[in-house]
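To convert, note that position 278 of the sequence shown is 1343 in my numbering; the numbers rise steadily by one, no gaps. For each residue, glycine too, the CB sits at the ideal point set by N, CA and C. On a predicted model such as this, the values are computed, not experimentally measured, just so you know. Below is one structure, written out as structure tokens; the observations come after it.
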Amino acid sequence: MSGICLRGDCSLDIPKPMTKKLILFVFIFSLQCQIQEKKTETAYGETSLHDEWAGLSSSDPLHKNEMDLSWKKLINTKDTITNYLKGKEYQPKVKTVVYPFSGIDVLNLFSFYPNCDRYILFGLEEPGYPNQYSSLSDKEKQIVKQGIRNLSDHLAGRNYFTYRKMKEETKKKELNGAYPVFVAFLRRMGKEILDSKEEVIVGKGITYKGFTISLYDAKLKKYETLTYFKIFLIGNEGVPGDGLYEYFSELTNVGIFTKSAEYLFHGEKRKLVRDLLLKNAEFVVQDESGFPIRFFPEESWKRQVFGRYERSWNLSGAVVPEVQPELKHLSAITNDETLPFPFGYGYLGTKDNRQSAVLVFEKK
């Protein structure tokens, strides 16, 4: 008679610990089923490819081991940022965040804005979408994965990308853009890829190309989208009819994140697009190379400095940074402790975190 229940309520014969395990199993199984149902047929078919790029499969032990090493450092940085912010007065309530001059830096973006629904990034790298990986030779595929590893190591070593390194890797014809690196990084951060599609912004005489990736974060139990565009700002963008004006004007409840931005929003060359991005901004997180503090007057913005700011840095070939005595004064009166993680060009100048500062501006 073992295993046969003759009473109406058979669940009474299941030990309570077993019942809890069974409920947990059913919940996890149900969740996985829901995620798989949300995946498009294309994304489902590319799951193994995404994991190959991320070094999460055992098909390439060298790639896996090297990605494990760099991402151990990167996830440690992410956890350090997350734990640090818990001790600060820091609660961004925006649902959309824009990251100008982002490169492929999803690690810092999601660390500082974990709860948004929509992430919009733009940089100088080609989108590389759709990818042509399946048509490459084995040797060419190794070059793609080597590029992903190199960029992982690059970010792990300093917590920002240099344009030179980004260009060196993503310009290789085998990698041919940012998409495989984005996917690898997102998978390493535990996000499921549900779908992807091409995106364009059409203006007068120009089309900005990009892609959108639909994501599910199992840890946070939320769906997200990440959109990336290649946008090279020469200084006349941000006027009605140019595509960018319409795209960014329509965004509401907006946060901004930017770091290692080469002071491109200092001075007046990119005034129009700078004003466009700030027009609907309610929460801004950046290092000192982003927007000058003069755009965040104390009567309109709550202003915080995490870490310490003492100076800006003259970078070869970059915009000369504005002198910001107001920012230096704010840092001095805040007198915060040194950041436990590198952030911005201060690390480049000192090789430690003594001059790393996170600037947080919240609309009153």
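Measuring alpha carbon to alpha carbon, tell me which residue in Arg1373, Leu1380, Leu1413 and His1331 is nearest histidine 1394. Along the sequence shown, read from residue 1 onward, the residue named residue 1394 stands at position 329. Nearest neighbour of histidine 1394 by Cα position, chosen from Arg1373, Leu1380, Leu1413 and His1331, turns out to be Arg1373.
If contacts are defined as beta-carbon pairs under 8 Å, then valine 1246 and leucine 1216 qualify, I think. What distance do you get, rounded to the angstrom? Within the sequence shown, numbered from 1, the residue matching residue 1246 stands at position 181. Within the sequence shown, numbered from 1, the residue matching residue 1216 stands at position 151. Between the beta-carbon of valine 1246 and that of leucine 1216 there is about 6 Å, and that keeps the pair under the 8 Å contact cut.
At the level of alpha carbons, what is the spacing between glutamate 1427 and lysine 1143? Counting from 1 along the sequence shown, the entry for residue 1427 is found at position 362. Counting from 1 along the sequence shown, the entry for residue 1143 is found at position 78. The straight-line gap separating the alpha-carbon atoms of glutamate 1427 and lysine 1143 is approximately 22 Å.
Buried or exposed: which applies to threonine 1147, given that a residue is buried once 16 or more other Cβ atoms fall within 10 Å of its Cβ? For this step, residue 1147 is matched to residue 82 along the sequence shown. Threonine 1147 should be labelled exposed.
If you scan the region 1173-1223 from start to end, which runs of the alpha helix (DSSP H) of 4 or more residues do you find wholly inside it? Look at the region 1173-1223 and you find these whole runs of alpha helix (DSSP H), each 4 residues long or longer: 1203-1223.
For glycine 1306 and valine 1486, believed in contact at Cβ under 8 Å, the rounded distance: An answer regarding residue 1486 cannot be provided, because it is not within the stretch 1066 to 1429 covered by the chain.
So what does DSSP say about phenylalanine 1322, is it helix, strand or coil? Your numbering for residue 1322 matches position 257 in the sequence shown. Strand at phenylalanine 1322.
Please report the residue range of the beta strand (DSSP E) in which glutamate 1289 lies. Residue 1289 sits at position 224 when you count from the first residue of the sequence shown. Looking at the DSSP string, the run of the beta strand (DSSP E) that includes glutamate 1289 is 1287-1295.
When we look at the beta-carbon of asparagine 1400 and count the other beta-carbons within 10 Å, is it buried (16 or more) or exposed? As a first step, residue 1400 is located in the sequence shown; it is residue number 335 there, counting from the start. Counting Cβ neighbours within 10 Å, asparagine 1400 comes out exposed, since fewer than 16 surround it.
From which residue to which residue does the beta strand (DSSP E) around proline 1245 run? Numbered from its first residue, the sequence shown carries residue 1245 at position 180. Element bounds for proline 1245: not the beta strand (DSSP E) but the alpha helix (DSSP H), 1244-1253.
Span of the beta strand (DSSP E) around phenylalanine 1371: For the purposes of this step, residue 1371 is taken as residue 306 along the sequence shown, with counting starting at 1. Taken as a continuous stretch (DSSP letters only), the beta strand (DSSP E) holding phenylalanine 1371 covers 1366-1372.
Suppose the cutoff is 6 Å on Cβ atoms and the five residues either side in sequence are ignored; what does the same chain contact list for glycine 1120 look like? Taking the first residue of the sequence shown as 1, we reach residue 1120 at position 55. Cβ neighbours of glycine 1120 beyond the five flanking positions: His1128, Lys1129 and Met1132.
Please say whether threonine 1290 and tyrosine 1184 have beta carbons closer to each other than 8 Å? One-based indexing of the sequence shown puts residue 1184 at position 119. One-based indexing of the sequence shown puts residue 1290 at position 225. Yes, these two residues count as a Cβ contact at 8 Å.
Lysine 1033: first and last residue of the uninterrupted beta strand (DSSP E) it sits in: The chain is shown only over 1066 to 1429; residue 1033 falls outside these bounds and no answer can be derived.
The alpha helix (DSSP H) that contains phenylalanine 1313, what's its start and end? For the purposes of this step, residue 1313 is taken as residue 248 along the sequence shown, with counting starting at 1. Boundaries of the alpha helix (DSSP H) around phenylalanine 1313: 1309-1314.
Please go through the same chain and pick out, in chain order, the residues whose beta-carbon is closer than 6 Å to the beta-carbon of histidine 1115, but skip the five residues on each side of it. Taking the first residue of the sequence shown as 1, we reach residue 1115 at position 50. Take histidine 1115, set aside five residues on each side of it, and the residues of its chain with a beta-carbon closer than 6 Å to its own are Val1248, Arg1252 and Ile1258, in chain order.
Reduced DSSP category for alanine 1283 - H, G, I as helix; E, B as strand; rest coil: Translated into positions along the sequence shown, residue 1283 becomes position 218. Residue state, collapsed to three classes: coil.
Using the Cβ count rule (16 or more neighbours within 10 Å means buried), how would you classify leucine 1285? Locating residue 1285 in the sequence shown gives position 220, counting from the first residue. Under this definition leucine 1285 is an exposed residue.
Terminal residues of the beta strand (DSSP E) in which glutamate 1347 lies: Taking the first residue of the sequence shown as 1, we reach residue 1347 at position 282. Glutamate 1347 -> beta strand (DSSP E) spans 1346-1351.
Pairing CB atoms from the region 1229-1240 with CB atoms from the region 1206-1215, are three or more of them under 8 Å? With contact defined as three or more Cβ pairs closer than 8 Å, the region 1229-1240 and the region 1206-1215 are in contact.
Tell me whether glutamate 1302 is buried or exposed, calling it buried when 16 or more other Cβ atoms sit within 10 Å of its Cβ. The count along the sequence shown starts at 1 and reaches residue 1302 at position 237. By the neighbour-count rule (16 or more Cβ atoms within 10 Å), glutamate 1302 is buried.
Looking at serine 1325: is its Cβ nearer than 8 Å to the Cβ of glycine 1409? Locating residue 1325 in the sequence shown gives position 260, counting from the first residue. Locating residue 1409 in the sequence shown gives position 344, counting from the first residue. Contact flag set, yes.
Output needed for isoleucine 1208: all residues of its chain with C-beta closer than 8 Å, excluding positions within five of it in sequence on either side, in chain order. Along the sequence shown, read from residue 1 onward, the residue named residue 1208 stands at position 143. Excluding residues within five positions, the ones whose Cβ falls inside 8 Å are Lys1237, Glu1239 and Leu1240.
Write down the C-beta distance between leucine 1329 and valine 1388 rounded to the nearest angstrom, noting that I regard them as a contact closer than 8 Å. For the purposes of this step, residue 1329 is taken as the residue at position 264 of the sequence shown. For the purposes of this step, residue 1388 is taken as the residue at position 323 of the sequence shown. The C-beta distance from leucine 1329 to valine 1388 rounds to 17 Å, too long to meet the 8 Å contact threshold.
Reference lysine 1334; option with closest CA among Gln1351, Asn1345, Asp1352 and Phe1356: Within the sequence shown, the letter at position 269 stands for residue 1334. Checking every option, the nearest Cα to that of lysine 1334 belongs to Phe1356.
With a cut-off of 8 Å on the beta carbons, I'd call serine 1422 and phenylalanine 1360 a contact; round off their distance for me. Counting from one through the sequence shown, the residue named residue 1422 turns up at place 357. Counting from one through the sequence shown, the residue named residue 1360 turns up at place 295. What sits at residue 1422 in the sequence shown is alanine, not serine. So it is not a contact: roughly 17 Å between Cβ atoms.
Is there contact here, the region 1192-1202 with the region 1222-1232, by at least three beta-carbon pairs under 8 Å? At 8 Å Cβ cutoff, the stretches do not touch.
On the DSSP letters alone, give me the boundaries of the beta strand (DSSP E) that glutamate 1391 sits inside. The count along the sequence shown starts at 1 and reaches residue 1391 at position 326. Annotation for glutamate 1391: no beta strand (DSSP E) segment contains it, though the alpha helix (DSSP H) segment containing it runs 1390-1399.
Identity of the residues DSSP links to isoleucine 1271 by a beta bridge: One-based indexing of the sequence shown puts residue 1271 at position 206. The partner list for isoleucine 1271 (beta bridge, DSSP) reads Gly1268.
Look at the alpha carbon of valine 1304 and the alpha carbon of glutamate 1347, and state the distance between them as a whole number of angstroms. Working through the sequence shown from its first residue, we reach residue 1304 at position 239. Working through the sequence shown from its first residue, we reach residue 1347 at position 282. Each residue's Cα considered, the two are about 21 Å apart.
Where does proline 1405 land, buried or exposed, given buried means 16+ other C-beta within 10 angstroms? Sequence index remark: in the sequence shown, residue 1405 carries index 340 (1-based). When all chains shown are included, proline 1405 counts as exposed.
Skipping 5 residues on each side, what residues in its chain have a beta carbon closer than 6 Å to that of glutamate 1375? One-based indexing of the sequence shown puts residue 1375 at position 310. When the five nearest sequence neighbours on each side are left out, the beta carbons in the same chain lying within less than 6 Å of the beta carbon of glutamate 1375 are those of Gln1420, in order along the chain.
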